[in-house]
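Have a look at the structure below, then the notes.
Numbering (the working numbering), first residue to last: 16 to 249.
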């Protein structure tokens with residue numbers, strides 16, 4: 016388990032949507048500093064929040080961030096892109112771009128910050144997945160989230176030796192700007208963040224943020240044909 020009170024935390028994509036909710040909840044729980052990244056950062060007005068630039072597809076940008084945020088003990092990988100094109104219709108370069116941001120972007124951040132977490136006592140790594148990690152039919156985006164789930168599970172093994180807790184968070188539609196136009200039931204991002212941070216403090220490794228995530232995970236033990244996606248996820 017990892018204590019949030021008094022911690023310094025990095026939240027990628029932390030200035031809007033779910034990332035912003037994480038920043039707010041971290042401060043409520045007593046984090047003393049939160050680095051919140053965006054491609055074009057804007058100061059939050061709260062001196063505890065340090066807005067920094069990050070482009071997860073750019074190794075130099077990730078390395079520069081690590082030099083500025085060497086005091087973190089918790090890293091929350093929230094940044095990513097959405098791409099819903101069907102695999103047979105998508106340009107391969109589009110699929111590559113989705114994977115570069117959602118999968119290799121996560122890996123770049125983890126590789127840069129794993130030594131920092133180790134130096135600061137182990138800490139915690141939180142990766143934001145999706146119910147589409149398990150539910151098929153959402154093109155390159157869903158495939159990228161499945162890859163992130165696998166990545167997280169392997170990182171959990173590789174980081175265990177340095178005492179880093181690794182948490183994967185699965186969720187369906189959540190009320191953020193990204194899906195504001197959709198008239199569907201949505202999770203409260205603040206509640207998702209609270210649940211994920213409670214898991215960090217309780218020493219857990221996985222968060223199922225809503226009923227659809229719990230239902231789809233339960234279906235993994237059945238025929239793969241039952242995992243066809245409906246429009247349920249971020």
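Glycine included, each C-beta is placed from N, C-alpha and C at the ideal position. None of the values given here were measured: they were computed from a predicted structure.
Query raised in the report: Alpha carbon to alpha carbon, how far is residue 109 from residue 98?
Result: Distance between the alpha carbons of residue 109 and residue 98 is about 8 Å.
Query raised in the report: Span of the alpha helix (DSSP H) holding residue 212?
Result: 204-217
**Report entry** Coil, strand or helix - residue 237 by DSSP
**Finding:** Per DSSP, reduced to three states, the secondary structure at residue 237 is coil, with no helix or strand assignment.
Report task. Please name the residue or residues paired with residue 144 in a DSSP beta bridge. Result -> Paired residue(s): none; residue 144 is not in a bridge.
Query raised in the report: What are the uninterrupted segments assigned as beta strand (DSSP E) that are 3 or more residues long and contained completely in the stretch 113-172, given in chain order?
Result: 139-143
Query raised in the report: Under the three-state reduction of DSSP, which class applies to residue 33: helix, strand or coil?
Result: helix
Query raised in the report: Under the DSSP definition of a beta bridge, which residues are partnered with residue 68?
Result: 53
Query raised in the report: By DSSP, does residue 20 sit in helix, in strand, or in coil?
Result: When DSSP states are grouped into helix, strand and coil, residue 20 belongs to the coil group.
Query raised in the report: When the distance is taken between beta carbons, is residue 224 closer than 9 Å to residue 170?
Result: no
Query raised in the report: Mapping DSSP to helix, strand and coil, what is residue 224?
Result: coil
Query raised in the report: Who are the Cβ neighbours of residue 92 in its own chain at under 6 Å, not counting the five residues just before and after it?
Result: 27, 121, 124 and 142
Query raised in the report: Between residue 102 and residue 154, which are expected to be in contact by the criterion C-beta below 8 Å, what is the C-beta distance as a whole number of angstroms?
Result: 5 Å
Query raised in the report: Using the C-alpha atoms, what's the distance from residue 184 back to residue 96?
Result: If I take the Cα positions, the gap works out to 16 Å.
Report task. Tell me whether residue 117 is buried or exposed, calling it buried when 16 or more other Cβ atoms sit within 10 Å of its Cβ. Result -> buried
Requested in this report: Compare the beta carbon distance of residue 87 and residue 24 with 9 Å and say whether it is the shorter of the two.
Outcome: yes
**Report entry** Burial state of residue 144, where buried means 16 or more other Cβ atoms lie within 10 Å
**Finding:** buried
Requested in this report: Check residue 230 in the structure and name its three-state DSSP category.
Outcome: helix
Query raised in the report: Tell me which same chain residues have a C-beta within less than 6 Å of the C-beta of residue 246, skipping the five on either side of it?
Result: In this predicted model, residue 246 has a pLDDT of only 46, less than 50, meaning its place in the structure is not dependable; the value taken from the coordinates is given anyway. So no residue of the chain qualifies.
Report task. Using only alpha-carbon positions, find the residue among 32, 119, 220 and 45 that is nearest to residue 175. Result -> Among 32, 119, 220 and 45, the Cα nearest to that of residue 175 is on 220.
Query raised in the report: Which residues mark the beginning and the end of the alpha helix (DSSP H) in which residue 77 is found?
Result: 74-83
Query raised in the report: Between residue 180 and residue 218, what straight-line distance do the alpha-carbon atoms span, to the nearest angstrom?
Result: 7 Å
Requested in this report: Please check the pair residue 131 and residue 81, which I expect to be a contact at CB under 8 Å, by giving their CB distance rounded to whole angstroms.
Outcome: 6 Å
Query - Coarse secondary structure for residue 87, derived from DSSP in three states - result: coil
Query - Cβ-based neighbour list, residue 56, same chain, cut-off 7 Å, excluding 5 preceding and 5 following - result: 30, 66, 67 and 68
Query raised in the report: Name the DSSP beta bridge partners of residue 25, please?
Result: DSSP output for residue 25 lists 50 and 90 as bridge partner(s).
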